[in-house]
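Colleague: In the order they appear, the protein sequences are chains V and H. For the record, in the first sequence the residue sitting at position 19 is 19 according to the working numbering, with numbers rising by one throughout. For the record, in the second sequence the residue sitting at position 14 is 14 according to the working numbering, with numbers rising by one throughout.
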Amino acid sequence: TQLLEQSPQFLSIQEGENLTVYCNSSSVFSSLQWYRQEPGEGPVLLVTVVTGGEVKKLKRLTFQFGDARKDSSLHITAAQPGDTGLYLCAGIPDSNYQLIWGAGTKLIIKP
Amino acid sequence: NAGVTQTPKFRVLKTGQSMTLLCAQDMNHEYMYWYRQDPGMGLRLIHYSVGEGTTAKGEVPDGYNVSRLKKQNFLLGLESAAPSQTSVYFCASSRLRGARSINEQFFGPGTRLTVL
């Protein structure tokens, strides 16, 4: 069974702090996406990474795809209350074509 | 351009009742998906469709049926609801993708279903 494990499951920090959340697997992925889901809404795509070692920045958010394409991280600098939400990673394993999802990291940024 | 819409937003059923959830997209996407989301378990794929008139089973298809008679609509049916089907249901759509490529999925706002 190919799994995407996200950690931590839950994170609550103060506004202005930095944080990193992780998406890990024992499988190699051809590509990986990060979504953010706000309460009462569906997930919205933040970024897609496709190359091992790739780093993408979206304002204060930095996404990295591991060199071996088995893991990814999301780093937020100077977190703001608007960053609050459920962060989901999803990817397509090299061994098949089925998109799989992690269980998500629930992030709360306190003012 | 409304994107992906779902009806209804909320529903309460009694065990054994049936219902149909409707998903509509106006982006001319080929692919459509039905997911359920439960606490701590992320999104689980129920059924999906790669085009009008075609459907396929996902990870958790039992107890659900789907139909895609029109390209823009994807219906999810529960023939005999069970408490285990209490969940939030999301519909999504995406453009046609290659075998190893990954396209953005656009999600609807969800339907919160409670089965008593």
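Glycine residues also receive a C-beta, built at the ideal position from the N, C-alpha and C atoms. Keep in mind the model is a prediction, meaning the values are calculated, not measured.
Let me make sure I understand the geometry here. Which of Lys57(V), Lys70(V), Ala78(V) and Asp83(V) has the alpha-carbon closest to that of Glu5(V)?
Modeller: Out of Lys57(V), Lys70(V), Ala78(V) and Asp83(V), Lys70(V) has the C-alpha closest to the C-alpha of Glu5(V).
Colleague: Using 8 Å as the threshold, is the C-beta distance between Leu181(H) and Tyr89(H) below it?
Modeller: With chain H covering only 1 through 116, there is no way to say anything about residue 181(H).
Colleague: Taking 8 Å as the CB-CB limit, is Glu41(V) close to chain H?
Modeller: With 8 Å as the cut-off, Glu41(V) counts as an interface residue toward chain H.
Colleague: Use the C-beta contact count for Met41(H): other C-beta atoms within 10 angstroms, 16 or more gives buried, fewer gives exposed.
Modeller: So Met41(H) ends up on the exposed side.
Colleague: Which residues in chain V sit within 8 Å of Glu104(H), going by Cβ to Cβ distance?
Modeller: By Cβ distance, chain V contributes Gln33, Leu45 and Thr48.
Colleague: Is it buried or exposed, Ser95(V), if we count other Cβ atoms within 10 angstroms and call 16 or more buried?
Modeller: Ser95(V) comes out exposed.
Colleague: Secondary structure at Gln85(H), three-state DSSP: helix, strand or coil?
Modeller: Three-state DSSP puts Gln85(H) in a helix.
Colleague: So that I know if they touch, is there some Cβ in chain V lying closer than 8 Å to that of Phe10(H)?
Modeller: Closer than 8 Å: no.
Colleague: Taking the straight line between their C-alpha atoms, what separation do you get for Met19(H) and Pro39(V)?
Modeller: Roughly 25 Å between the two C-alpha positions.
Colleague: Can you confirm whether Leu22(H), when its beta carbon is compared against all beta carbons of chain V, has any partner nearer than 8 Å?
Modeller: With 8 Å as the cut-off, Leu22(H) does not count as an interface residue toward chain V.
Colleague: Taking only beta-carbon positions, decide if Gly102(V) is within less than 8 Å of chain H.
Modeller: Yes, contact with chain H.
Colleague: Which class does Pro61(H) belong to by DSSP, given the choice of helix, strand or coil?
Modeller: Looking at Pro61(H) - three-state DSSP - the assignment turns out to be coil, as it is neither helix nor strand.
Colleague: Between the region 53-65 of chain H and chain V, which residues of the former have CB atoms less than 8 Å from a CB of the latter, in chain order?
Modeller: Against chain V - using a Cβ distance shorter than 8 Å - the region 53-65 of chain H contributes no residues.
Colleague: Taking all protein chains shown into account, decide if Met32(H) is buried (16 or more other Cβ within 10 angstroms of its Cβ) or exposed.
Modeller: The residue in question, Met32(H), is buried, as its Cβ has 16 or more Cβ neighbours within 10 Å.
Colleague: Given Thr114(H), which residues of its chain have a CB within under 6 Å of its CB, disregarding the five upstream and five downstream residues?
Modeller: Result list for Thr114(H): Val12 and Thr86, in chain order.
Colleague: To the nearest angstrom, how far is it from the Cα of Thr48(V) to the Cα of Cys91(H)?
Modeller: Taking the straight line from one Cα to the other gives about 20 Å.
Colleague: Whose Cβ in chain V lies nearer than 8 Å to the Cβ of Gly110(H)?
Modeller: Residues of chain V passing the Cβ test: Gly40, Glu41 and Gly42.
Colleague: Looking at chain V, which residues of the region 32-44 of chain H have a Cβ within less than 7 Å of any of its Cβ atoms?
Modeller: Listed in sequence order: Gly40, Met41, Gly42 and Leu43.
Colleague: Which same chain residues end up closer than 7 Å to Thr62(V) when comparing Cβ atoms and leaving out the 5 residues on each side of it in sequence?
Modeller: Same-chain partners within the cutoff: Val55 and His75.
Colleague: Alpha carbon to alpha carbon, what distance is there between Arg68(H) and Leu75(H)?
Modeller: Going from the Cα of Leu75(H) to the Cα of Arg68(H) covers about 7 Å.
Colleague: For Arg60(V), does the count of other Cβ atoms within 10 angstroms reach 16, so buried, or fall short, so exposed?
Modeller: Per the 10 Å Cβ criterion, exposed.
Colleague: For Pro8(H), which residues of its own chain have a beta-carbon under 8 Å away from its beta-carbon, when the five flanking residues on both sides are left out?
Modeller: Once the five neighbours on either side are set aside, the close Cβ partners of Pro8(H) are Leu21 and Thr111.
Colleague: So, for Leu86(V): in the same chain, excluding its five sequence neighbours on each side, which residues have a beta-carbon less than 6 Å away from its beta-carbon?
Modeller: Excluding residues within five positions, the ones whose Cβ falls inside 6 Å are Gln37, Gly104 and Lys106.
Colleague: Does Gly16(H) come out as helix, strand or coil in the three-state DSSP assignment?
Modeller: Coil.
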